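With the numbering used here, the residue at position 51 of the sequence shown is 62, and numbering never jumps. Yeah, the Cβ is synthetic: ideal placement off N, Cα and C, and Gly gets one too. Being a predicted model, the structure only gives us computed values, none of them experimental.
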Amino acid sequence: MRALVIIALSGLAGTCSSPPLLLGPESLLEEIKQSGEFRVVTRNSPVTFYHGADQSRGIDYELAQGFANWLGVDLKIYVAEPFREILSHIATGNAHVGAAGLTVTESSETLVDFGPTYQIVNQQLIYKVGTRKPKTIEDVLEQNIEIVAGSAHVGVLEDYYRQHPSLRWVENPHANAEELLKKVSAGLIDYTVINSNVFEILRHLHPDTRAAFDLGIQKQIAWALPKTDDQSLSESVSSYFSEIQANGELQKIRDRYSFYTLDFDYVGSRSFLRHFEFRLPKYRDFFIKAAEDMELDWRLLAAMAYQESHWDPQAISFTHVRGLMMLTQKTADMMGVEDRTDAQESIEGGARYFVRTLEKFPERISEPDRIRFALAAYNVGFGHLEDARVITEIQGGNPDLWSDVQKRLPLLSEKEWYERVSRGYARGHEPVQYVNNIERYYNYLLWMTAQEISAELHLPYDEQAIGQKTGIGY
């Protein structure tokens, strides 16, 4: 099977019956090493942890997996619902660490200790587009505010309440941030409060919401650790974070999710959601069948098709490429596509052509870069992509790293460089944007179908197993 990214995790129930962590004579760190497993409690969100078709995703997931690898043990990760129960899982010993985008607060520090800060966020008041934008807390007194129960937002509202006794809010023990955003967007509640890093992602999926202003001061995000005199785990976690901070890995992990935060496009986000609801269902089975035949993730093909045509089988460009996958006549003939405007033919032909392009790149190129190269070549042509790799090598970069090659692709439009390579001029900035857009759409589709992915793997939503399909994994 092509380009597998295999992660095996054992899901634990939210009411884990494991014995307390500190029963044995060993230090907590030694207990983890001897047991061979690092137990982590988290929550489902596009920032922290969610199922991908090929592997798990999320900043907290990647950090937890990295620490488990650092210790040489297996990661055992499970989801606690509702959110407010996460700290109790640490305090009672069900988990070694809470890695869930947790905000450091004075009240939380009475129950758990915290590791090093790995993100700084603002708490933002969210309102609906088309309603009056509040400018200060005085503008929302006696309004309908709803927040996640047990979150750090309770404390910041309590601070405001001391000065403004008419401030009102409801703590919802069952909703998460996205569900509250939906309620704001639908006009069911006036406002909610969400951390800025979460809203930067979710606003693309709920474009009718906006941040009005920041509440309180910036907050630190960190792992929750057991409050105990045994500092062995805490010291090890601190050493791990110091190392990944120094070698740049922490920044790389954060950067892998930064595509969500760039270039927010209200109209584009609304169009994507509308097309997801009304257009994609017509062609979804075609994507699934073609992806199964080519050993790909159907969401990757769907993301490509959205970038190409917005899932419109009648789409045509000024260069006369057409159809859902925007095939040239030459490519269509090569792939045996008789009618480029036939959705099923276009998807199957595009999938075959993509895999054919993918297989041209040497297997020494690791995923997901190999897929990114293939996507860029699908857009600009394999030859031009090879020219960009040549320029990368000339300039001392690594031609097998997408991060290096994408910096050189725009040089294909500069005479100084395109005259030095075999295929000449190309609009090299376009494949860079093309890959970035597809990666963004692909990750939206992963999050929007996360529960379906669990069903595909025959698992409850809070469990993990082995993923076996190729996509843009990390």
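Proximity below 8 Å, CB of residue i to CB of residue j
i	j	result
Gln-229	Ile-131	yes
Pro-324	Val-391	no
Phe-78	Tyr-251	yes
Ser-207	Asn-133	yes
Ala-75	Val-51	yes
Phe-60	His-107	no
Arg-363	Arg-351	no
Val-278	Tyr-202	no
Ile-101	Val-84	no
Val-159	Phe-94	yes
Ser-433	Gly-394	yes
Ile-97	Ala-222	no
His-62	Ala-314	no
Glu-319	Met-346	no
Leu-396	Val-446	no
Residue range of the unbroken beta strand (DSSP E) whose run includes residue i
i	result
Lys-230	220 to 237
Thr-114	108 to 114
Thr-203	203 to 206
Three-state secondary structure (DSSP) of residue i
i	result
Glu-370	coil
Val-446	helix
Asn-133	strand
Ser-328	coil
Lys-146	coil
Glu-48	strand
Asp-415	helix
Asn-454	helix
Arg-333	strand
Asp-124	strand
Val-159	strand
Val-167	helix
Leu-199	coil
Arg-214	coil
Leu-178	coil
Leu-34	The pLDDT assigned to Leu-34 is 42, lower than 50, so where the model puts this residue is not dependable, and the model offers no usable value.
Tyr-268	coil
Cβ-Cβ separation, residue j to residue i (assumed contact under 8 Å), whole Å
i	j	result
Thr-220	Ser-196	5 Å
Ile-358	Leu-412	So it is not a contact: roughly 30 Å between Cβ atoms.
Leu-420	Ala-399	5 Å
Arg-267	Leu-457	Incorrect: roughly 13 Å between the Cβ atoms, too far for contact.
Leu-213	Glu-189	6 Å
Ser-38	Asp-241	6 Å
Ile-148	His-185	In fact, because the Cβ distance is near 26 Å, the residues do not count as touching under 8 Å.
Terminal residues of the alpha helix (DSSP H) in which residue i lies
i	result
Ile-255	243 to 257
Val-90	Element bounds for Val-90: not the alpha helix (DSSP H) but the beta strand (DSSP E), 85 to 90.
Asn-183	Careful: Asn-183 lies outside any alpha helix (DSSP H), inside the beta strand (DSSP E) at 181 to 183.
Trp-309	309 to 320
Decide if the region 83 to 100 is in contact with the region 282 to 299; the criterion is three or more beta carbon pairs, one per stretch, under 8 Å apart.
no
Any contact of the region 224 to 242 with the region 128 to 143, i.e. 3+ C-beta pairs under 8 Å?
yes
Are the region 198 to 217 and the region 104 to 124 touching, with three or more C-beta to C-beta distances below 8 Å?
yes
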